[in-house]
Amino acid sequence: MTEHLKKRFDELLSQANAVAATKQRKHSEAFGSYEYVEPDLLLGWCVKARNLLVSACGRESEHFKSFVEAEKPGPYEENPVRLSRLRAVFLAAQEDFEGGHLSSVRNLVQAEVFSTELEQANELLAAGYRMPAAVICGVVLETNLRSLCEARGLDVGKLDKMNADLAKAGQYNSLVQKRITVLAAIRNSAAHGKLADFDDKDVRSMIEDVERLVAGWLS
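Numbering (the working numbering), first residue to last: 269 to 487.
Printed below as a string of structure tokens:
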């Protein structure tokens, strides 16, 4: 569980309670007496909550899908009812996130995908294609750095910057940072077709290092 996302869950729960506190009763000739919360505040909270659920749970998660479904107003439904429904989904997502259930499932899926890609890199290397093997391995590395940055609330950018930012944030030490810099250089050489810059042994070590790093990050 990342402290950044946990803090954001707490912040948005407080904001949901603040939106609920704006509830008032109004009367109109057309609709009679009805209750409502400030619609602009509710809309703003929904946007922020959706963004958090994508980061914490994933766009394909039941939590995100349920939240989007809960946003749809029912016929003649007062918006405090909708807020209550959305808040229930939000609390369920927060509970599962803080319990570690979401990260474990996502990590298992990611680990399986990355394992398949690294196996493909190994097969390409064994067949004598070290350039595409290095490129695939580099993609796995960069994808994981992106995920680590998103989890820590860091800007996603070029690999070198993400590497420096993650080391500065304490994700890993300077030795790991330097090794990632070396791996990135091999990936860049492969992407530009500079086969003379690296050999099969370099790519084999690259695959092993990335496999070890990813296993540690997803454990």
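All residues carry an ideal CB built from backbone N, CA and C; glycine is no exception.
Check                                                                                                                        : Outcome
Segment limits, beta strand (DSSP E) that includes Gln292                                                                    : 292-296
Host beta strand (DSSP E) of Ser301 (start-end)                                                                              : 300-304
Beta-carbon contacts of Phe277 that lie in its chain and below 6 Å, excluding the five residues immediately before and after : Gln362
Member of Gly367, Arg414, Ala389 whose CA lies at the smallest distance from the CA of Val274                                : Note on residue identity: the sequence assigns Lys, not Val, to residue 274. Answer by Cα proximity: Gly367.
Spatial distance of Val287 from Glu346 (CA atoms)                                                                            : 14 Å
Cβ pair Val424, Cys417 closer than 8 Å                                                                                       : yes
Alpha-carbon to alpha-carbon, Lys426 and Glu385                                                                              : 21 Å
Residues near Val315 in its chain [Cβ-Cβ closer than 7 Å; skip 5 each side]                                                  : none
C-beta atoms of Pro343 and Arg350 nearer than 8 Å                                                                            : no
Beta carbon of Ala389 nearer than 8 Å to that of Ile475                                                                      : yes
Classification of Asn431 by the beta-carbon crowding that lies within 10 angstroms, buried from 16 upward                    : buried
Among Leu311, Ala402, Leu392, nearest to Ala338 - alpha-carbon criterion                                                     : Leu311
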